[in-house]
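Q:
In this note's numbering, the protein residues as written are -16 to 280.
Listed below in structure tokens is the structure:
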């Protein structure tokens, strides 16, 4: 391809950066005595604090699998396409968590935290303050200890359920069988099984749309055109042509199989070499003995 066409692909740029940094890191390791019997740091190059981070950067080459693995590529594209919708759903979930945190702080702020000997409720996991109520509701969306918290906020005995048991505090903000069970069961059903599943629904919908687009069939008239154009390049029906004739083949086909303009005007400009190379570099067509085969194409 040469440097000009090689660096037109973003994945090639990424691969070059990873390989270049890896070469520098290996050179520094050798100069620092990493591959000798000497102890590390006895070489002529001082230890660089960020060198370990640069070594870990070499693992980034795994991301090239996204280009090769069709299913993985669709999943990454789905996630990128879904980000705007996921942001809106995240804001909606945050709004409901704030609403339920206010309700929980009002109804259960005076719950006795010493009831749970296994730490299901403590100062960081309770409704005593607004910020802890936000955290405990978020924690309950994962299903962690929500039933234990529901139990301790559903006490019918006020002297066991209330933290402050004097004056007007007795019975205020201590929960109860109705409020405790109703609040937590509703949040578990609505917050965990409805709101959180919206993320999955959006991602699955976009994944299905991308999969349908990727599996789109080529119209039959386009296939007939491909056969006619191939016949011009392979008049003796050998079912193969020279690989250097692939740009001319692509330039003679209409989209989606080629890049030829659909305009029939005689002054219409044909595809440029840049357009052809950008298409050819991503084609998974094997070259066998300097030729490309009809069935592979």
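Glycine included, each C-beta is placed from N, C-alpha and C at the ideal position. None of these values were measured; they are calculated from a predicted model.
1. Here's the rule I'm using: 16 or more other beta-carbon atoms within 10 Å means buried, otherwise exposed. How should residue 149 be labelled?
2. Where residue -3 and residue 124 are concerned, what is the direct C-alpha to C-alpha distance, given to the nearest angstrom?
3. Ignoring anything shorter than 3 residues, give me the beta strand (DSSP E) runs that lie fully in the region 179 to 232, in order along the chain.
4. Taking just the CA atoms, how far does residue 75 sit from residue 65?
5. Which same chain residues, not among the five before or five after residue 153, have their C-beta less than 7 Å away from its C-beta?
6. Tell me the residue span of the alpha helix (DSSP H) that contains residue 162.
7. At a cut of 8 Å, does the region 207 to 221 reach the region 170 to 184 through at least three beta carbon pairs?
8. Would you mind working out which of 237, -5, 277 and 170 sits nearest residue 219, comparing C-alpha positions?
9. What's the C-alpha gap between residue 60 and residue 163?
10. Give the range of the alpha helix (DSSP H) segment to which residue 122 is assigned.
11. Give me the residue from 237, 108, 229 and 174 with the minimum Cα distance to residue 72.
12. Assuming contact is defined by CB atoms lying nearer than 9 Å, are residue 205 and residue 232 in contact in what I supplied?
13. CA-CA distance, residue 271 and residue 242?
14. Please go through the same chain and pick out, in chain order, the residues whose beta-carbon is closer than 6 Å to the beta-carbon of residue 147, but skip the five residues on each side of it.
15. Using a threshold of 9 Å, state whether the C-beta atoms of residue 156 and residue 112 are closer than that.
16. So which of 228, 193, -1 and 87 has the shortest CA-CA distance to residue 114?
17. Mapping the DSSP letters down to three states, classify residue 63 as helix, strand or coil.
18. Who are the near neighbours of residue 57 in its chain, counting only those whose CB is closer than 8 Å to its CB and skipping five residues on each side?
19. Do the CB positions of residue 167 and residue 129 come within less than 9 Å of each other?
20. Which word fits residue 13, buried or exposed, when buried means at least 16 other C-beta atoms lie within 10 angstroms of its C-beta?
21. Quick check: what's the CA-CA separation for residue 247 versus residue -8?
22. Label residue 187 either buried or exposed according to how many other C-beta atoms from any shown protein chain fall within 10 Å of its C-beta, with 16 as the threshold for buried.
23. Hey, quick one: how far does the alpha helix (DSSP H) through residue 0 stretch, first residue to last?
24. For residue 229, count neighbouring Cβ atoms within 10 angstroms of its own Cβ and tell me buried if that reaches 16, exposed if not.
A: Let me lay it out:
1. Start at 1 with the first residue of the chain shown, and residue 149 comes out as number 166. The residue in question, residue 149, is exposed, as its Cβ has fewer than 16 Cβ neighbours within 10 Å.
2. The residue labelled residue -3 in the question sits at position 14 within the chain shown. The residue labelled residue 124 in the question sits at position 141 within the chain shown. Their backbone Cα atoms lie some 39 Å apart in a straight line.
3. Listed in chain order, the complete beta strand (DSSP E) runs (minimum 3 residues) inside the region 179 to 232 are 223 to 225.
4. Along the chain shown, read from residue 1 onward, the residue named residue 65 stands at position 82. Along the chain shown, read from residue 1 onward, the residue named residue 75 stands at position 92. So the two alpha carbons sit approximately 15 Å from each other.
5. Along the chain shown, read from residue 1 onward, the residue named residue 153 stands at position 170. 141 and 145, listed in sequence order.
6. Taking the chain shown and counting its residues from 1, one reaches residue 162 at position 179. Unbroken alpha helix (DSSP H) run through residue 162: 160 to 170.
7. no
8. If you number the chain shown from 1, residue 219 lands on position 236. When only C-alpha atoms are compared, the closest one is 277.
9. Position 77 of the chain shown, counting from 1, holds the residue named residue 60. Position 180 of the chain shown, counting from 1, holds the residue named residue 163. Roughly 43 Å between the two C-alpha positions.
10. What you label residue 122 is simply residue 139 of the chain shown in a count that begins at 1. Annotation for residue 122: the continuous alpha helix (DSSP H) segment containing it runs 113 to 123.
11. Along the chain shown, one-based indexing puts residue 72 at 89. Taking only the C-alpha atoms, the option nearest residue 72 is 174.
12. As a first step, residue 205 is located in the chain shown; it is residue number 222 there, counting from the start. As a first step, residue 232 is located in the chain shown; it is residue number 249 there, counting from the start. In this structure, residue 232 does not lie closer than 9 Å to residue 205 by Cβ.
13. Here the question's residue 271 lines up with position 288 in the chain shown. Here the question's residue 242 lines up with position 259 in the chain shown. Cα to Cα, the separation comes out at about 24 Å.
14. Counting from one through the chain shown, the residue named residue 147 turns up at place 164. Counting only Cβ-Cβ distances below 6 Å, and skipping sequence neighbours, we find 93.
15. The count along the chain shown starts at 1 and reaches residue 156 at position 173. The count along the chain shown starts at 1 and reaches residue 112 at position 129. Going by C-beta atoms, residue 156 is not nearer than 9 Å to residue 112.
16. Stepping through the chain shown from its first residue, residue 114 is reached at position 131. Closest in C-alpha terms to residue 114, from the list 228, 193, -1 and 87, comes 87.
17. Counting from 1 along the chain shown, the entry for residue 63 is found at position 80. Assignment of residue 63 by DSSP, reduced to helix, strand and coil, places it in the helix class.
18. Here residue 57 is taken as the residue at index 74 of the chain shown, counted from 1. Excluding positions up to five away in sequence, the list reads 190, 193, 194 and 197.
19. Taking the chain shown and counting its residues from 1, the one referred to as residue 167 is at position 184. Taking the chain shown and counting its residues from 1, the one referred to as residue 129 is at position 146. Contact: yes.
20. Along the chain shown, read from residue 1 onward, the residue named residue 13 stands at position 30. Residue 13 comes out exposed.
21. Within the chain shown, the letter at position 264 stands for residue 247. Within the chain shown, the letter at position 9 stands for residue -8. Its pLDDT being 48, under 50, residue 247 is placed unreliably in this model, and the coordinates cannot settle the point.
22. The residue given as residue 187 occupies position 204 in the chain shown. Classification for residue 187: exposed.
23. The residue given as residue 0 occupies position 17 in the chain shown. Run containing residue 0: -7 to 14, per the alpha helix (DSSP H) assignment.
24. Along the chain shown, one-based indexing puts residue 229 at 246. Answer is buried; the Cβ neighbour count reaches 16.
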